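In the working numbering, the protein residues as written are 281 to 656.
Glycine included, C-beta positions come from ideal geometry on N, C-alpha and C.
In this text, all values refer to a predicted model and were calculated from it rather than measured experimentally.
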């Protein structure tokens with residue numbers, strides 16, 4: 281919103297801005313996973329990166345009030361925030377299994393993702409209203425403070441962390457090798473990477489399309505994004521029940537369909553303002569419901585399957601592919617939006633993401649009833 285409302289960014293510039301925060305996943309995830317496995321100190325790493333992201337985000341409103349805010353600064357801040365997020369993620373994936381027993385992975389992932397969704401219920405809605413009442417940079421003050429709260433809460437936990445791994449030949453590549461040769465994780469990686477690539481083709485232009493083509497206000501857009509969080513809360517509550525009814529594997533496949541499918545409603549939206557908002561609310565709510573099923577089931581499957589000695593490296597390898605395609609999708613979205621227009625690009629993003637589930641059809645997931653046993 282800062283790029284669109286304050287700096288009047290174009291479709292291509294919004295694509296670059298989205299890519300800046302995501303490129304570190306492609307550049308650093310493999311080495312970040314190896315570094316975390318080798319050095320340990322997962323909790324300290326998470327605290328440091330939370331404080332760092334708070335400081336970086338705070339520079340944006342300061343620059344705005346001084347009259348020196350530029351797109352270049354947004355690119356740099358996005359890149360550095362993305363780099364710290366990489367370290368946070370690979371540390372979190374290892375710390376999770378130090379805190380939660382195996383038989384409670386689904387329940388714990390449901391609670392964690394549900395609490396995240398609850399924060400997103402209030403966050404985008406309040407953020408949109410703050411943008412409308414004050415300015416987009418001012419809303420980032422709240423975002424910055426949220427990272428400080430995160431650092432404070434993490435300082436209160438003291439898990440028994442896995443021991444640091446000694447460096448060895450092939451240490452960095454071990455996670456990618458494990459991931460690629462796993463008959464279960466490889467098709468999941470291909471499916472989620474396809475979904476994420478096209479999802480970011482879509483999201484690179486969503487705000488631009490909603491504000492400029494559909495005429496949605498910043499306040500209404502914040503409420504629309506909040507609808508995804510309401511869907512996420514419902515998804516976190518029902519995922520356990522869905523997994524017991526269908527099996528954890530089929531539930532994951534279902535999430536891979538329900539996440540992107542509702543996005544087709546966005547390029548279909550038109551007409552009266554109430555109708556546009558109804559389409560956007562429905563799309564976001566159902567998509568939020570679907571992504572929660574996807575995240576909870578696959579997060580639990582991955583936690584159950586990956587051996588302790590490889591967790592951070594597998595998380596890094598997964599991130600370098602699955603998250604690394606996101607900036608490529610954002611760049612492709614910006615380029616396509618400039619070339620063929622916003623609405624056709626949204627169609628490509630939505631339909632391409634739906635096609636990602638095809639990777640799972642010949643995989644073991646459709647027959648997976650319970651969490652798999654850990655590899656040794």
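Suppose contacts are defined by Cβ-Cβ distances below 8 Å. Is residue i in contact with residue j by that definition?
| i | j | result |
| --- | --- | --- |
| residue 609 | residue 481 | yes |
| residue 576 | residue 516 | yes |
| residue 306 | residue 607 | yes |
| residue 529 | residue 646 | yes |
| residue 467 | residue 643 | yes |
| residue 632 | residue 613 | no |
| residue 618 | residue 292 | yes |
| residue 561 | residue 498 | no |
| residue 364 | residue 394 | no |
| residue 424 | residue 334 | yes |
| residue 375 | residue 321 | no |
| residue 477 | residue 605 | yes |
| residue 599 | residue 369 | yes |
| residue 514 | residue 569 | yes |
| residue 651 | residue 355 | no |
| residue 337 | residue 360 | no |
| residue 582 | residue 428 | no |
Residues in the same chain with beta-carbon distance under 7 Å from residue i, minus the five sequence neighbours each way, listed in chain order, please.
| i | result |
| --- | --- |
| residue 358 | 297, 300, 301 |
| residue 454 | 590, 593 |
| residue 648 | 527, 528, 529 |
| residue 449 | With a pLDDT of 46 at residue 449, under the threshold of 50, the predicted position of this residue should be treated as unreliable, though the coordinate-derived value follows. If we look at residue 449 and ignore the five residues flanking it on each side, it has no Cβ neighbours. |
| residue 430 | 330 |
| residue 426 | none |
Return the residue from the list the options that minimises the CA-CA distance to residue i.
| i | options | result |
| --- | --- | --- |
| residue 345 | 581, 369, 420 | 420 |
| residue 486 | 458, 513, 548, 460 | 548 |
| residue 639 | 629, 537, 583 | 537 |
| residue 519 | 593, 467, 629, 392 | 392 |
| residue 373 | 597, 616, 290 | 597 |
| residue 378 | 584, 601, 507 | 584 |
| residue 496 | 456, 514, 552 | 552 |
| residue 303 | 362, 387, 525, 625 | 362 |
| residue 488 | 381, 308, 625 | 625 |
| residue 559 | 308, 390, 544, 539 | 544 |
| residue 634 | 653, 470, 554 | 470 |
| residue 653 | 426, 641, 588 | 588 |
Please classify residue i as buried or exposed, where buried requires at least 16 other C-beta atoms within 10 Å of its C-beta.
| i | result |
| --- | --- |
| residue 432 | exposed |
| residue 422 | exposed |
| residue 586 | buried |
| residue 475 | buried |
| residue 347 | exposed |
| residue 483 | buried |
| residue 550 | exposed |
| residue 501 | buried |
| residue 595 | buried |
| residue 556 | buried |
| residue 342 | exposed |
| residue 381 | exposed |
| residue 463 | exposed |
Tell me whether residue i sits in a helix, a strand or coil according to DSSP, three-state version.
| i | result |
| --- | --- |
| residue 649 | coil |
| residue 339 | helix |
| residue 367 | helix |
| residue 453 | coil |
| residue 431 | helix |
| residue 550 | coil |
| residue 290 | coil |
| residue 304 | helix |
| residue 525 | helix |
| residue 603 | coil |
| residue 641 | coil |
| residue 495 | coil |
| residue 298 | helix |
| residue 349 | coil |
| residue 539 | coil |
| residue 390 | helix |
| residue 318 | helix |
| residue 594 | helix |
| residue 573 | helix |
| residue 326 | helix |
| residue 446 | Residue placement at residue 446 is poorly supported in this model, since its pLDDT is 49, which falls under 50; the coordinates still yield a value, given next. Here residue 446 sits in coil by DSSP. |
For residue i, which residues in the same chain have their Cβ closer than 8 Å to its Cβ, ignoring the five residues on either side in sequence?
| i | result |
| --- | --- |
| residue 522 | 531, 534, 573 |
| residue 339 | 353, 357 |
| residue 327 | 431, 434, 435 |
| residue 390 | 516, 517, 519, 520, 576 |
| residue 438 | 323 |
Excluding the 5 residues preceding and the 5 following residue i in the sequence, name in chain order all residues of the same chain whose CB lies nearer than 6 Å to its CB.
| i | result |
| --- | --- |
| residue 367 | 312, 325, 329 |
| residue 627 | 547 |
| residue 542 | 563, 566, 567 |
| residue 472 | 602 |
| residue 571 | 539 |
| residue 460 | 466 |
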